[in-house]
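Sequences listed follow chains A and B, in order.
Under full-length UniProt numbering, the letters of the first sequence match residues 1 to 200, in that order.
Under full-length UniProt numbering, the letters of the second sequence match residues 1 to 200, in that order.
Okay, structure first, notes after.
2 protein chains.
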Amino acid sequence: MPNPTSRPYHHGDLRRTIIETAMAMLHEDKGWQFTLREVARRAGVSHAAPYKHFPDKAALLAEMALLGFDSLHKALTTVKPKKSNSLRDEFFAVGRAYVRFGTANPGLYRLMFSAEAGKAVDVHLSERALAVFGVITELLVRGQTAGVLRKRDVRGQAATCWAQMHGATMLTIESLLLIEKVGPDPLDAALLTLLEGLEN
Amino acid sequence: MPNPTSRPYHHGDLRRTIIETAMAMLHEDKGWQFTLREVARRAGVSHAAPYKHFPDKAALLAEMALLGFDSLHKALTTVKPKKSNSLRDEFFAVGRAYVRFGTANPGLYRLMFSAEAGKAVDVHLSERALAVFGVITELLVRGQTAGVLRKRDVRGQAATCWAQMHGATMLTIESLLLIEKVGPDPLDAALLTLLEGLEN
DNA sequence: CCCATAAGTTATCACTGTCAACATTGGAGC
DNA sequence: GCTCCAATGTTGACAGTGATAACTTATGGG
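In C-alpha cells form, the structure reads like this:
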C-alpha cells in the first residue's frame with residue numbers, strides 16, 4: 001500500500017525536474033561542482049534515477065547547453081530598442097542583451113561554450129545554436145541593404161561580431177574586465193568600436 | 001642497497017617533471033580528462049607524490065595557467081613583422097600570434113581562462129596574466145601618439161581588442177568558426193574590422 | 001657520523017559516474 | 001475489471017578519483 005506521506009514511487013515528470021534542478025545548481029555556480037548524484041539528491045530521487053532519462057552526464061549537460069542557446073536566442077530576438085528604429089540602436093541593444101545574458105547566467109553560458117557538453121561540436125553545430133549566429137547575420141544583412149554597413153562578406157562580419165560579444169562576455173564573467181582596470185563601460189566602448197569598423 | 005636498474009627513491013626534480021608531464025597531457029587534449037593520478041602514473045611516481053609539491057590539483061592547474069600566460073606573453077612580444085614597421089602590420093602580427101597561440105595549445109588556452117584553475121580571479125589578476133593586457137595597451141598607446149588611432153580611453157580599446165582576440169580564439173578552438181560556414185579567413189576579417197574601428 | 005627533514009610510498013576514506021539486478025507502478029488490451 | 005508488460009525508480013556494486021595520514025628512505029648540514 002502506498003504511504004501517503006512519502007512521495008509516490010513514480011515521480012511523474014522527473015526529466016523536467018532533473019533539468020530544472022540542474023539549472024538551479026548551475027545558477028548557484030558554487031565553484032563549478034556539478035555532480036549528477038547531487039542533482040538526484042536535490043530532486044529527491046535515488047542516485048541512479050537520472051540514468052532512466054539521460055544516458056550520460058554529458059547528455060544532460062548537452063541538453064542544458066541547448067536549452068541555453070534557445071534562451072539566448074530568445075533574449076536576442078525579443079529585445080526591442082526603445083523608440084528609435086535605427087540600426088545603431090538595435091546593434092547596441094542586441095550586443096548588450098547578449099552580454100547581459102552571459103553575465104546573468106555565467107554558469108550556463110560557460111557550459112554552452114565548454115567542451116564538457118559532450119562532443120561539443122555536435123552541440124554547437126546544432127540548429128538551435130546556429131540560430132544565435134543567424135540573429136547577428138540577419139541584423140548585418142539588413143544593415144548592408146540599408147547601406148549603413150560596408151558590403152563585405154556577411155559571414156565574416158557576423159563571426160567578428162560574435163567573437164567580440166563572446167570575448168566581452170567571457171572576460172566579464174571571468175572578472176577580467178574589471179571596471180577600475182579597464183574604464184567605465186568596456187562593453188559599450190567595445191560595441192562602438194566594433195560598429196565603427198563595420199559602418200560605411 | 002639501491003637497485004641500479006630502478007629509479008632512485010628520490011626523483012630529483014619531480015616538480016618540473018610533474019608540470020611537464022601535465023603540460024604534455026594537456027596538449028594531447030583527449031577529451032579534457034586530466035587526472036592527478038594519471039599525471040603521477042606517467043611521471044612514474046606514486047599517486048600521492050604530487051602532493052609533496054602542490055597542495056592541490058587546483059594549485060597545479062593554476063601554476064600551469066600562469067606558465068601559459070608567460071608563454072603567451074612571450075609569443076606576443078617576440079613577434080616581428082617581416083619588413084614594414086607600420087602599426088597596421090604589427091597589429092595584424094600580434095593578433096595572429098595571439099590566436100595562433102590559442103589554436104596551437106587549445107587545452108592550455110582553455111585552462112588559462114577556465115574557472116578550474118583554482119580561484120580563477122587570483123590567477124587572472126596576477127601580474128603575469130596582466131602582462132598580456134599590457135602588450136596590447138602598449139601597442140595602442142603607440143598608435144595613438146603616432147596619430148594613427150583615435151584618442152579614446154586606451155584601456156577600453158585594449159579591452160575591446162582583447163575581447164576580439166579571445167573570442168576569435170575560443171570560437172576557433174571550439175570549432176565554431178568553421179571556414180565553410182563563416183568565410184575564407186574569419187580571423188583576418190575580424191582584425192581588419194576591429195582595426196578600422198580603431199583607426200582615425 | 002648522525003639525525004632532522006624533505007621527498008617518496010602505501011593504505012585508507014569519502015565521493016563520483018556508471019551499470020546490473022531488483023522493485024514498483026501505470027496503463028494497454030482482453 | 002483483471003492481467004501482464006514496459007517504463008520508471010531503487011539498491012548495491014565496481015572502478016577510479018582527490019585528498020590525508022602514517023610510514024619509509026635518503027640527503028646534507030652540524
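Every residue gets a Cβ at the ideal spot worked out from N, C-alpha and C, and that includes glycine.
What you are looking at is a predicted structure, and each value in this text was computed from that prediction instead of being measured.
Subject >> Minimum Cβ-Cβ distance from residue 168/B to chain A less than 8 Å >> reply: yes
**OP:** Verify the CB distance criterion: does residue 35/B have a CB-CB separation below 8 Å to chain A?
**Re:** no
**OP:** Would you tell me roughly how many angstroms separate the C-alpha atoms of residue 15/B and residue 105/B, rounded to the nearest one?
**Re:** 22 Å
Original post:
In chain A, which residues lie with their C-beta within 7 Å of the C-beta of residue 113/B?
Top reply: 170, 174
Original post:
Under a three-way DSSP split, which group does residue 125/B fall into?
Top reply: coil
Original post:
So with Cβ pairs under 8 Å, would you call residue 127/B a contact of chain A?
Top reply: no
Original post:
How long is the line joining the alpha carbons of residue 138/A and residue 148/A, rounded to whole angstroms?
Top reply: 14 Å
**OP:** Can you say whether residue 55/B is buried or exposed, counting buried as having 16 or more other CB atoms within 10 angstroms of its CB?
**Re:** exposed
Subject >> Residue range of the alpha helix (DSSP H) that includes residue 101/B >> reply: 87 to 104
**OP:** Would you check if there are 3 or more beta carbon pairs closer than 8 Å linking the stretch 77 to 92 of chain B to the stretch 38 to 58 of chain B?
**Re:** no
**OP:** For the stretch 143 to 160 of chain A, enumerate the residues whose C-beta is nearer than 9 Å to any C-beta of chain B, in chain order.
**Re:** 150, 152, 153, 154, 155, 156, 157, 158, 159, 160
Original post:
How would you label residue 142/B, buried or exposed, when you count the other beta carbons within 10 angstroms and need 16 or more for buried?
Top reply: exposed
Original post:
Would you report the Cα separation of residue 22/B and residue 39/B, rounded to the nearest angstrom?
Top reply: 6 Å
Subject >> Option in 17/A, 160/A, 170/A with minimal Cα separation from residue 124/B >> reply: 170/A
**OP:** With a cut-off of 8 Å on the beta carbons, I'd call residue 93/B and residue 75/B a contact; round off their distance for me.
**Re:** Actually they do not touch by this definition, with Cβ atoms about 11 Å apart.
Original post:
From what residue to what residue does the alpha helix (DSSP H) around residue 167/B run?
Top reply: 154 to 173
Subject >> beta-carbon residue 185/A near the ligand PLP non-hydrogen atom, thresh 7 Å >> reply: Looking for the ligand PLP in the displayed structure turns up nothing, as the structure carries no ligands at all.
Original post:
Got a sec, what are the start and stop residues for the alpha helix (DSSP H) residue 68/A sits in?
Top reply: 57 to 77
Original post:
By how many angstroms is the C-alpha of residue 116/A removed from the C-alpha of residue 3/A?
Top reply: At residue 3/A the pLDDT is 39, less than 50, meaning the model places this residue with poor confidence; the figure from the coordinates comes in the next sentence. Approximately 40 Å, taken between the alpha carbons.
Subject >> Any C-beta of chain B under 8 Å from that of residue 134/A >> reply: no
**OP:** To the nearest angstrom, report how far apart residue 19/A and residue 60/A are at their CA atoms.
**Re:** 8 Å
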